[in-house]
Amino acid sequence: MITQCHWVLLFSGLLLCSNFLVVGGLDFDPLILFPGFADLFGIKWSRVVTVDDFGAKGDGVVDDTEAFRDAWKTACSLTWHTILQVPKGTYLVRPIDFAGPCQSKLTLSIAGTIVSPEDPDVWEGLDTHKWLYFHGIDHLTVKGGGTINGMGEKWWARSCKINITNPCQHAPMAITFHRCTHVKVQDLTLLNSQQMHIAFTNCYRVTVSYLQVIAPAESPNTDGIHISQSVSVLIKHCTIKTGDDCISIVNHSSKVRIRQVFCGPGHGISIGSLGKNSSWDHVSDVRVNGAFITNTENGLRIKSWQGGRGYAHNIAFHNVFMQNVSNPIIIDQYYCDSFVPCQNQTSAVMVDDVSFVSIKGTSATDEAIKLSCSDTLPCQNIYLQDVQLFLSSGEPTSAFCWNAFGISSGIVYPPCFPSDHCFIEQEALFNATLLSVA
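Using mature numbering (1 follows the signal peptide of the UniProt record, and there is no 0), the letters of the sequence shown correspond one by one to residues -25 to -1, 1 to 413.
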């Protein structure tokens, strides 16, 4: 006699029981499989573990951190693919480490909502960089259609960017993946992070898809997706509306692909900042192909500090539509995010082999293209093709191109590089636009 089962699989007419078993009056642990059963029927097991099984209440009031920690330890220890479920409900979780390595592939399926404590004092004595921290894991998938809410309002109020009398202090990144490989994050909503919403550091082979990342436009440092020291990253079909960079790619990252993203409000898609505090940084092999950027402070940006070293190389921005964007195209080797002026320095991060192809739409600033490059290490091999950026009124924009060297092709407006073969086309486009507005 078998009772109290959760039937989860129909295979060749056979129902399998996934949860607690009572067989002949004897209790069996829900995590035990009958020996040889999977081999006998050729079945690939996926064990299902839920945080509720470990005492999580999901009422948004009771602290469910220990239940999450115990459920993770169990799921991570199993030697076949495991699905750790967060059911519908609201789960209050304090700062927590989800540590690897795990014994097999693991899927964290979030159907409910995970919320952070609102009070920053909860982090007293803890690492204020972290809230949900995944590290040292291979083959991890996080998905499920649920929500992760950083409840960041009180953190923002403490920020020196909101009130300059406040000390400048770290705030947690809502979700961090550190030294993880073969990571997939998909079909989630991320809200109101204390600082950055989701960060990948020292990761390899990452896919991020179908995320909604949302925070107020005035929320400080709430980058949507942050990539650092990571290789082979794909970001696609994401909507990002925050108070800082929609996507930021920083030091020692390469092979990054971004496709079909919606960005805005926020600070656009950024490479950098690079070279802060005279550091040696590099970013290379980045491709953005297909983006809609609206009402952002910047559009497509590469930013580096004076005094830094390294390079930003082999970067391509293709097929991007701008709507009311300030600084739609910007390379800034004089970046200075400081309350005091930055010191002039001669060394710089080299910017080389950067293309802007089919970048069209409207600028919120008169200056639609700004290439502000170093006196000692100018920007090299900049390529502009089919760039058409006008003010929302249809009036012309301008370009500031300092120590930047490259070529243009097709219709490029506003013009940056002198090019006799495209001058007539640029003038024709400009005149046609003025006639259409008149």
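Built from N, CA and C at the ideal position, the CB exists for glycine as well.
Judged by pairs of C-beta atoms under 8 Å, the segment 139 to 156 does not touch the segment 182 to 193, as fewer than three such pairs exist. Under the DSSP definition of a beta bridge, Q360 partners with V332, S384.
Look at N319 here: in three-state DSSP terms it is coil, with no helix or strand label. Looking at P371, C221, V206, the one whose alpha-carbon comes closest to that of H212 is C221. When the five nearest sequence neighbours on each side are left out, the beta carbons in the same chain lying within less than 6 Å of the beta carbon of F237 are those of T214, F267, in order along the chain.
Of the residues assessed, Q78 falls on the exposed side of the cut-off, its CB having fewer than 16 other CB atoms within 10 angstroms.
Between Y358 and G336, the C-beta gap is not smaller than 8 Å, which leaves the two residues out of contact.
If you draw a straight line from the Cα of D307 to the Cα of T340, it comes to about 16 Å. According to DSSP, residue pairing for I150 in a beta bridge involves L107, I173. Between the segment 228 to 245 and the segment 261 to 281, the count of C-beta pairs closer than 8 Å reaches three or more; the two stretches touch. About 13 Å separates the Cβ atoms of G125 and L163, ruling out a contact at the 8 Å cut-off. Of Y310, C311, F292, the smallest CA-CA separation from I304 is found for F292. Here V36 is exposed. Its C-beta has fewer than 16 other C-beta atoms within 10 Å. Per DSSP, the continuous beta strand (DSSP E) segment holding C238 begins and ends at 228 to 238. Your pair A149 and I189 does not check out as a contact, with CB atoms roughly 12 Å apart and the cut at 8 Å. About 6 Å separates the CB atoms of P390 and A374; that is less than 8 Å, so the two are in contact. Cβ contact annotation for C135 (same chain, cutoff 6 Å, sequence separation greater than five): N141, C143, in chain order. Counting only runs that start and end inside the segment 235 to 276, the beta strand (DSSP E) elements of at least 3 residues fall at 244 to 249, 255 to 269.
With a threshold of 16 other beta carbon atoms within 10 Å, A132 falls short and is exposed.
With fewer than 16 other beta carbons inside 10 angstroms of its own, D96 counts as exposed. Burial of P147 is indicated by the presence of at least 16 other C-beta atoms within 10 angstroms of its C-beta. Note: Y66 is bridge-paired with I89 in the DSSP secondary-structure output. When only Cα atoms are considered, V23 and N302 end up about 49 Å apart. Taking a 10 Å sphere around the C-beta of W55, we find fewer than 16 other C-beta atoms and assign the residue as exposed. Rounded to the nearest whole angstrom, the CA to CA distance from L83 to Y66 is 14 Å. When C-alpha distances from C317 are compared across D361, D256, K251, N264, the shortest belongs to K251. With 16 or more neighbouring CB atoms inside 10 Å of its own CB, V26 falls in the buried class. As a beta-bridge residue in DSSP terms, F292 pairs with V263, F331. Counting the other Cβ atoms within 10 Å of the Cβ of I334 gives 16 or more, which makes it buried.
From the listed residues T151, K345, L81, the smallest Cα separation to W106 is found for T151. Looking at the DSSP output, A192 shares a beta bridge with no other residue.
Comparing alpha-carbon positions, the option among G199, V225, R234 lying closest to T217 turns out to be G199. Taking all protein chains in view, the Cβ of L81 is crowded by 16 or more other Cβ atoms within 10 Å, so the residue is classified as buried. Pairing F314 with I58 gives a Cβ-Cβ distance that is not under 8 Å. Under the three-state reduction of DSSP, V37 is assigned to strand. Boundaries of the beta strand (DSSP E) harbouring K216: 206 to 216, taken from the DSSP string.
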